[in-house]
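What follows is a set of notes on a single structure, which appears directly below.
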Amino acid sequence: MSQPSAGPKTSGVTTPSAIPSPAAIPTPSAVPTPAVASPTPARERRRAVRQPSERRVGMTDRWRDLEQVTGQVAAGAAPAGADILKFGRLYHGTLSDLGYVQKHDETGHTTSHLNRLLGKAYLTIYRRSQVQLMDFVWFFLHRFPALVWRRIHFVAVAALIFLFSSLIGFLCITNESKLVNLVVPESMQERAKDDLAQGRIGRNDPANLRLTISSEIMFNNIRVSFLAFALGIVFGLGTVYVVITNGLLLGGLASLYHAGGYPAHFWSLILPHGGIELSCCFIAAGAGLMIGYSIFRQTPYRRGALMAREALDAVRLVAGTIPWFVVAGLIESYITPSGLPIPAKFLISAVFMAGFLAYLGFGAAAGSLIKIVPPAARPPGGPVARPPVRAGTASSSSGRRSAATS
0 MSQPSAGPKT SGVTTPSAIP SPAAIPTPSA VPTPAVASPT PARERRRAVR
50 QPSERRVGMT DRWRDLEQVT GQVAAGAAPA GADILKFGRL YHGTLSDLGY
100 VQKHDETGHT TSHLNRLLGK AYLTIYRRSQ VQLMDFVWFF LHRFPALVWR
150 RIHFVAVAAL IFLFSSLIGF LCITNESKLV NLVVPESMQE RAKDDLAQGR
200 IGRNDPANLR LTISSEIMFN NIRVSFLAFA LGIVFGLGTV YVVITNGLLL
250 GGLASLYHAG GYPAHFWSLI LPHGGIELSC CFIAAGAGLM IGYSIFRQTP
300 YRRGALMARE ALDAVRLVAG TIPWFVVAGL IESYITPSGL PIPAKFLISA
350 VFMAGFLAYL GFGAAAGSLI KIVPPAARPP GGPVARPPVR AGTASSSSGR
400 RSAATS
């Protein structure tokens with residue numbers, strides 16, 4: 000009898016040989032478990048954010064470095080160029096971190112810490128630096144002369160108006176025009192004619208009163224310059240009026256002394272102090288014309304912003320003339336009425352005027368010729384910073400996008 004063969008299944012019946020043995024059936028422990036993905040860097044960062052704030056600050060080098068650099072600058076250390084760039088990178092990087100932390104910080108400790116840190120850094124960048132003696136020195140040595148040359152066209156216009164009005168005043172007195180009393184007041188004409196008739200040229204001030212007279216002259220000159228500057232707000236017409244009236248007066252008096260036969264004496268009384276004094280008056284009048292021009296100037300910028308910028312430069316121009324008005328007042332009180340020969344006074348006036356022009360010329364170029372280390376505690380001006388972003392603001396989304404790209 001033949002043995003049954005282990006053949007294929009027939010009629011849907013499974014043969015004993017086709018049944019798997021118990022050893023071949025996988026046990027539950029042998030069933031492979033699904034692979035668990037390793038934590039991604041984003042998950043690790045989220046997990047780190049959810050840890051206590053003290054540990055997060057310790058783990059984030061950028062926050063610690065920003066806090067250290069901010070403390071150094073706030074303490075008065077002058078940052079180098081590389082430190083300024085590093086400060087900017089740390090600030091903007093921490094600002095991006097703040098946007099991410101605001102989304103995932105559950106306790107709010109880290110958000111508060113970063114807001115305080117960024118607020119301190121922001122105030123350090125934009126704090127108001129202390130005015131020191133070196134600031135004044137650098138202003139008078141370089142910034143004022145440079146500003147004069149940068150705005151020289153306004154100063155030149157004021158000077159031309161003065162010279163033209165002086166010529167008109169001279170011709171009015173010479174030709175005995177009907178406008179002569181408008182050029183030189185009648186009382187001043189009579190006093191000048193009496194002095195010429197008696198041979199009294201100039202003042203003969205007592206020596207003990209010269210300091211008082213010098214102070215009066217200084218304040219009068221400063222008052223006139225401030226008046227010419229301030230009246231520029233009336234579209235510059237007030238400045239033009241002040242310049243014209245003073246020009247007519249000088250030209251009229253010059254004509255009276257020329258007609259009386261004392262032209263050299265007259266100019267010896269004007270030029271020693273007049274070179275510096277008139278130059279400063281032209282600068283102050285140019286500042287007034289700047290303000291007047293900014294009112295109707297066509298510009299793509301906002302009118303208020305343009306006027307504020309022009310007014311700031313105008314104030315600086317007027318402030319820079321004050322020490323020179325003091326010098327001119329001292330010259331007018333001590334050298335002008337002295338008994339020096341007329342040629343000596345002309346020589347002195349030429350020396351003073353040459354020195355003033357040299358000061359303006361070399362002072363304007365001092366920025367490229369002299370390197371002066373600025374005072375300590377200067378705020379870094381390199382990075383363009385933003386104030387810290389508070390939670391719930393629209394800027395937090397942009398901060399998160401910046402953090403994602405970094």
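In this text, residue positions in the sequence shown follow numbering that gives the first Met the number 0: the first is 0, and each later residue adds one.
Glycine is no exception: its CB is placed at the ideal position from the N, C-alpha and C atoms.
Close-in-space but distant-in-sequence residues of the same chain around residue i (CB under 7 Å, 5 per side omitted)
{"i": "ASP64", "result": "LEU89"}
{"i": "ALA157", "result": "VAL242, PHE281, ALA284, GLY285, LEU288"}
{"i": "GLU440", "result": "Outside the displayed span of the chain (0 to 405) sits residue 440, for which this structure offers no information."}
Residue burial classification, residue i (beta-carbon count within 10 angstroms, cutoff 16)
{"i": "LEU117", "result": "buried"}
{"i": "PHE218", "result": "exposed"}
{"i": "GLN101", "result": "buried"}
{"i": "HIS152", "result": "exposed"}
{"i": "ASN180", "result": "exposed"}
{"i": "GLY251", "result": "buried"}
{"i": "ARG344", "result": "It should be noted that the sequence gives Lys, not Arg, for residue 344. That one is buried."}
{"i": "LEU346", "result": "exposed"}
{"i": "ASN114", "result": "buried"}
{"i": "ILE216", "result": "buried"}
{"i": "PRO342", "result": "exposed"}
{"i": "ARG150", "result": "buried"}
{"i": "LEU159", "result": "exposed"}
{"i": "GLY107", "result": "exposed"}
{"i": "VAL183", "result": "buried"}
{"i": "PRO144", "result": "buried"}
{"i": "THR298", "result": "exposed"}
{"i": "ALA313", "result": "buried"}
{"i": "THR211", "result": "exposed"}
{"i": "TYR256", "result": "buried"}
{"i": "LEU316", "result": "buried"}
{"i": "ALA120", "result": "buried"}
{"i": "GLU331", "result": "buried"}
{"i": "GLU189", "result": "exposed"}
{"i": "ALA175", "result": "Residue 175 is actually Glu in this sequence, not Ala. GLU175 comes out exposed."}
{"i": "HIS186", "result": "Checking the sequence, you will find Ser at residue 186 rather than His. Answer is exposed; the Cβ neighbour count stays below 16."}
{"i": "LEU178", "result": "exposed"}
{"i": "LEU311", "result": "exposed"}
{"i": "LEU94", "result": "buried"}
{"i": "LEU268", "result": "buried"}
Sequence-distant residues of the same chain with beta carbon closer than 6 Å to residue i, five excluded per side
{"i": "TRP148", "result": "ALA363"}
{"i": "LEU238", "result": "Note on identity: in this sequence residue 238 is Thr, with Leu being the wrong assignment. Excluding sequence neighbours, THR238 sits near ALA227, LEU230, GLY231, ALA284, GLY287, LEU288."}
{"i": "PHE412", "result": "Since the first and last residues shown for the chain are 0 and 405, residue 412 lies out of range."}
{"i": "GLY92", "result": "ARG61"}
{"i": "SER254", "result": "PHE169, ILE172, THR173"}
{"i": "MET306", "result": "SER293"}
Same chain only: Cβ atoms within 8 Å of residue i, ignoring 5 sequence neighbours per side
{"i": "THR26", "result": "At THR26, the pLDDT of 49 sits below 50, so the modelled position is not reliable; the number obtained from the coordinates is stated separately. Cβ neighbours of THR26 beyond the five flanking positions: none."}
{"i": "ASN220", "result": "GLU276, CYS279, CYS280, PHE324, ALA327, GLY328"}
{"i": "PHE234", "result": "GLY291, ILE294, PHE295"}
{"i": "THR110", "result": "LEU97, VAL100, GLN101, ASP104, ALA390"}
{"i": "ASP194", "result": "ILE200"}
{"i": "LEU359", "result": "PRO144, VAL147, TRP148"}
{"i": "TYR240", "result": "LEU230"}
{"i": "VAL48", "result": "Here VAL48 scores only 48 on pLDDT, less than 50, and its place in the model should not be relied on; the value that follows carries that caveat. Cβ within range, chain order: ARG55, TYR99, VAL100, HIS103, ASP104, THR109."}
{"i": "PHE265", "result": "ILE200, LEU252, ALA253, TYR256, HIS257"}
{"i": "PHE225", "result": "ALA283, VAL317"}
{"i": "LEU236", "result": "LEU230, GLY291"}
*Are at least three pairs of beta-carbons, each pair with one atom in the region 314-328 and one in the region 244-261, less than 8 Å apart?*
no
*Could you give the uninterrupted runs of the alpha helix (DSSP H) lying entirely in the region 84-128, keeping only those of 4 residues or more?*
108-125
_So, does the region 157-172 touch the region 231-248, judging by three or more C-beta pairs under 8 Å?_
yes
*Report yes or no: do the region 268-277 and the region 346-353 share at least 3 C-beta pairs separated by less than 8 Å?*
yes
*Please go through the region 138-214 and give each complete beta strand (DSSP E) segment of 3 or more residues, from N-terminal end onward.*
none
*Write down every uninterrupted run of the alpha helix (DSSP H) in the region 248-334 whose length is 4 residues or greater and which is fully enclosed by it, in chain order.*
262-295, 302-333
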